[in-house]
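Engineer:
In full-length UniProt numbering, the protein residues as written are 1 to 250.
1) Tell me where the alpha helix (DSSP H) around residue 39 begins and ends.
2) Does the distance from the CB of residue 198 to the CB of residue 181 come in under 7 Å?
3) Assuming residue 34 contacts residue 88 under a Cβ cut-off of 8 Å, what Cβ separation, rounded to an integer in Å, is found between them?
4) Please state whether the Cβ-Cβ distance between residue 37 and residue 73 is less than 7 Å.
5) For residue 100 versus residue 238, is the C-beta spacing smaller than 7 Å?
6) Applying the 10 Å Cβ sphere with the 16-neighbour rule, what's the burial state of residue 63?
7) Just the C-alpha distance for residue 29 and residue 157, rounded to the nearest angstrom, thanks.
8) Hey, could you find the ends of the beta strand (DSSP E) residue 137 is sitting in?
9) Taking the continuous alpha helix (DSSP H) assigned at residue 194, which residues delimit it?
10) Can you have a look at residue 248 and say buried or exposed, based on whether 16 or more other CB atoms are within 10 angstroms of its CB?
11) Check whether the region 113 to 124 touches the region 210 to 229, taking contact to mean three or more Cβ pairs, one atom from each stretch, closer than 8 Å.
12) So which of 71, 135, 54, 110 has the shortest CA-CA distance to residue 229?
13) Would you kindly check if the distance between the Cβ of residue 61 and the Cβ of residue 236 is under 7 Å?
14) For the candidate residues 207, 91, 201, whose alpha-carbon lies nearest to that of residue 136?
15) Count the CB pairs spanning the region 203 to 221 and the region 144 to 152 that are closer than 8 Å, and state whether there are at least three.
16) By alpha-carbon positions, which one of 70, 66, 103, 68 ends up nearest to residue 82?
17) Can you look up residue 127 in the DSSP assignment and give me helix, strand or coil?
18) Suppose contacts are defined by Cβ-Cβ distances below 7 Å. Is residue 47 in contact with residue 183 by that definition?
19) What does a CB cutoff of less than 7 Å around residue 172 pick up in its chain, not counting 5 residues either side in sequence?
20) What do you reckon, are the CB atoms on residue 244 and residue 210 nearer than 7 Å?
21) Quick one: measure Cβ to Cβ for residue 185 and residue 174, integer angstroms, because I've assumed they're closer than 8 Å.
If you want it as structure tokens, here you go:
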């Protein structure tokens, strides 16, 4: 059940880049608004909103900003035009890439995403062109500094019906779940005493494309450009980049 995450270093790099860009607040304000719009303003009956609230509070967002974002979603004002879209394509080296966006202007967003792919040597594909290479999963993460006992975590995860427990080289752990069981597993782990440092729904690749340093540099340039777009929420790829190469690229 335990293994090594091939994509953990890319995720950790993204977290650093998000913080550096100051984009994290914008991302969670948008998620709060859309979650409230779709499922209502009560986190007790809206698991997606509850998760977004946890994320926003974890990013040190003020309660006032959070409340305004939720109110916008629950109301009938400008949030009505925001929709969720996904884009699929191939990056340099045949790397499969999935892009999730929230936008009030799909033409603007599509043009920006297409431009990023073209500029970085990739190709924006049609719906379904790479989606079959990914599975929607729940990912519950435990940072190394939490000092989680691997055996105890694995036992609790199995009892909660998780799919997998992955140990990373930095001492952190990721528990993966099916999409439908994500919230139940997360709650069960919390009840067992395992408070996660992060929890989210992700697109997990089912295959990987191993890259050398040159290929990694090109793919990361494309991912960075996509993540810099205001409307983009998440970018997923099946790129496998070694720790050594990632360290060189920073």
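Just so you know, even glycine gets a beta-carbon here, dropped at the ideal spot from N, CA and C.
Structural biologist: With the structure as the only source:
1) 24 to 39
2) no
3) Not a contact, Cβ separation roughly 20 Å.
4) yes
5) Cβ atoms of residue 100 and residue 238: not closer than 7 Å.
6) exposed
7) Distance from the CA atom of residue 29 to the CA atom of residue 157, rounded to whole angstroms, is 31 Å.
8) 134 to 142
9) From DSSP, residue 194 is part of no alpha helix (DSSP H); its letter is neither H nor E.
10) exposed
11) yes
12) 110
13) no
14) 201
15) no
16) 103
17) coil
18) yes
19) 141, 142, 143, 144
20) no
21) Distance from residue 185 to residue 174 at the Cβ level is roughly 12 Å; contact not present, criterion being Cβ atoms closer than 8 Å.
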